[in-house]
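Everything on this sheet refers to the single structure shown next.
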Amino acid sequence: MKGFAVIFLLILVMVQLLMAKPGEAIACKQVHSRLRPCLQYLRGQGRNPLAACCSGLNVLNKMINQAKPRDRQIACECIKMAASRAKFKPDKAGQLPGQCGVKISVPISPTVDCHKGNLRKKVYTYVRFA
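Structure follows, in structure tokens:
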């Protein structure tokens, strides 16, 4: 049964990767759907992120890295809005990339400046809240 779950998650990741085409515009709906499985963890209600959370974060990061600079800014604004509205806990947001083994290219923060030039392709290995 455990092997089936792993295979199912791998297939899910592959399907999601195929859905993200290089240069495709990113919408907040896409960003939020990728972060939705992480909500419990980011609000401090779970000890570890779910596998679906890590899968979504990985897909989101790949979408952002393949996007045009303006779309990376849009994705950043969507993440910023989600972090603010959903009241993500700063410590959990900071731990999430490491917990999932993802070097995220946009910080998960309600205070990130999405208009700085550092969103081009720079990879953040941690998340910092001001």
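All the letters of the sequence shown, read from the start, carry residue numbers -20 to -1, 1 to 110 under mature numbering (1 follows the signal peptide of the UniProt record, and there is no 0).
By construction, the Cβ of each residue, glycine as well, lies at the ideal position given by its N, Cα and C atoms.
In this text the structure is predicted, and so the values were computed from the model without any measurement.
P49 and C33 - do their beta-carbons sit closer together than 8 Å?
no
Which residues bound the alpha helix (DSSP H) around G78?
P70 to C80
Excluding sequence positions up to five away, which residues of its chain have a Cβ less than 6 Å from the Cβ of V92?
K60
Indicate whether C94 and C56 have their beta-carbon atoms separated by less than 8 Å.
The beta carbons of C94 and C56 sit closer together than 8 Å.
Residue from S64, R14, A31 and R27 whose Cα sits closest to the Cα of M43
Per the Cα distances, R14.
Go ahead and pull the three-state DSSP assignment for H12.
Here H12 sits in helix by DSSP.
Note down the Cα distance separating G74 from I88, rounded to an integer number of angstroms.
8 Å
Go ahead and label K83 buried or exposed: buried means 16 or more other beta carbons lie within 10 angstroms of its beta carbon, across all protein chains shown.
exposed
For my contact list, K69 and L22 are in at a C-beta cut-off of 8 Å; report their separation, rounded to the angstrom.
7 Å
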